[in-house]
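Per this note's numbering, the sequence shown starts with residue 16, numbered consecutively.
We put the CB at the ideal spot given by N, CA and C, even for glycine.
Data block below; observations after.
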Amino acid sequence: MSRKSIEILDDCMEGEKQKNVQKRADDSSLLIPPLSHDTSVNCLARLSRSDYGSIAVLNRSFRSLVKNGELYQLRRKMGIIEHWVYFSCDVLKWEAFDPNRDRLMQLPKMSSNTCFMLSDKESLAVGTELLVFGREITGPAIYKYSILTNSWLKGMKMNTSRCLFGSASLGEIAILAGGCDQHGNILSSSELYNSDTGTWEILPDMNTPRRMCSAVFMDGKFYVLGGVGVDKTT
16 MSRKSIEILD DCMEGEKQKN VQKRADDSSL LIPPLSHDTS VNCLARLSRS
66 DYGSIAVLNR SFRSLVKNGE LYQLRRKMGI IEHWVYFSCD VLKWEAFDPN
116 RDRLMQLPKM SSNTCFMLSD KESLAVGTEL LVFGREITGP AIYKYSILTN
166 SWLKGMKMNT SRCLFGSASL GEIAILAGGC DQHGNILSSS ELYNSDTGTW
216 EILPDMNTPR RMCSAVFMDG KFYVLGGVGV DKTT
């Protein structure tokens, strides 16, 4: 074999090596080879979300998929609804119950201070978060648990902090209406929370101030029910 032929053969072998390296790199981005990324995500979206913790520990790709929220956004578009119940029987300990699997899961312990721990609290589940409202020495505070990261973080304060409000959630948004401010004044204001952005938006006021009221979403509309007004009428 001539030197030129050997050089051509070496070039071909080197080119093949590069293709194999690139193929392995491309394959490494696949969640479930030989399925495409989109097909894999569509399959995983149909699993119970109580399985996502186990999926996240398989490798970096699965962990990134669970944490970036792509699965939950797709589930929302596909109309997949899976109700969980969050409850607390201890000051800083929360648990989640999956009624479909009859499974009880313990959330990480909240990392709040003593003042928040001893204050009256209210809670609300929205999107991929659980919000817990309470007070710290400096004023009202919100802590939020993310099912994406399985951790607690300090949440952004409302434009008008309140307690004894009516609230309801729909997908990634929640609306809080009425309640009392830090000085005990009954409020007619309302705010919308977006769990995807972690931000609050001021909405139009209600016709009358209300506290200790309830709220519900129905047919795409938000309703505030009951409660006590300024003149202490229901």
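Drop a sphere of 10 angstroms on the beta-carbon of Phe-180, count the other beta-carbons inside from all chains shown, and report buried for 16 or more, exposed for fewer. buried
What three-state label does DSSP hand Thr-214 in the structure shown? strand
Count the other CB atoms within 10 Å of the CB of Leu-46; is the residue buried (16 or more) or exposed (fewer)? buried
Nearest neighbour of Cys-130, chosen from Gly-84, Gly-149, Glu-144 and Ser-55 [CA to CA]: Gly-149
Suppose you measure from the CA of Asp-234 to the CA of Lys-92; what does that come to, to the nearest Å? 18 Å
Within 10 Å of its beta-carbon, does Phe-237 have 16 or more other beta-carbons around it, so buried, or fewer, so exposed? buried
Distance, Asp-66 Cα to Leu-145 Cα: 19 Å
Rounding to the nearest angstrom, what Cα-Cα distance links Ser-20 and Ala-60 in this structure? For Ser-20, the predicted model reports a pLDDT of 39, less than 50, meaning its position is unreliable and no value from the coordinates is stated.
For the alpha helix (DSSP H) that contains Ile-70, what are its first and last residues? 67–71
Along the beta strand (DSSP E) that carries Phe-112, what are the first and last residues, could you check? 110–113
Between which residues of its own chain and Ile-162 is the CB-CB distance below 6 Å, once the five residues before and five after are set aside? Thr-143
Per-residue DSSP class, three states only, for Asn-57: helix
Straight-line Cα distance separating Gly-186 from Ile-95: 11 Å
Helix, strand or coil, according to DSSP, for Val-245 in the structure here? coil
Counterpart residues of Pro-155 in DSSP-defined beta bridges: Arg-150
Closest to Lys-108 by CA distance: which of Ser-126, Thr-214 and Leu-50 is it? Ser-126
Excluding sequence positions up to five away, which residues of its chain have a Cβ less than 6 Å from the Cβ of Asp-211? Glu-187
What first and last residue would you give for the beta strand (DSSP E) that runs through Phe-232? 229–233
Where the beta strand (DSSP E) containing Lys-169 begins and where it ends: 166–169
State buried or exposed for Val-239, treating a residue as buried only when at least 16 other CB atoms are found within 10 Å of its CB. buried
Classify Ser-184: buried if its beta carbon has 16 or more other beta carbons within 10 angstroms, exposed otherwise. buried
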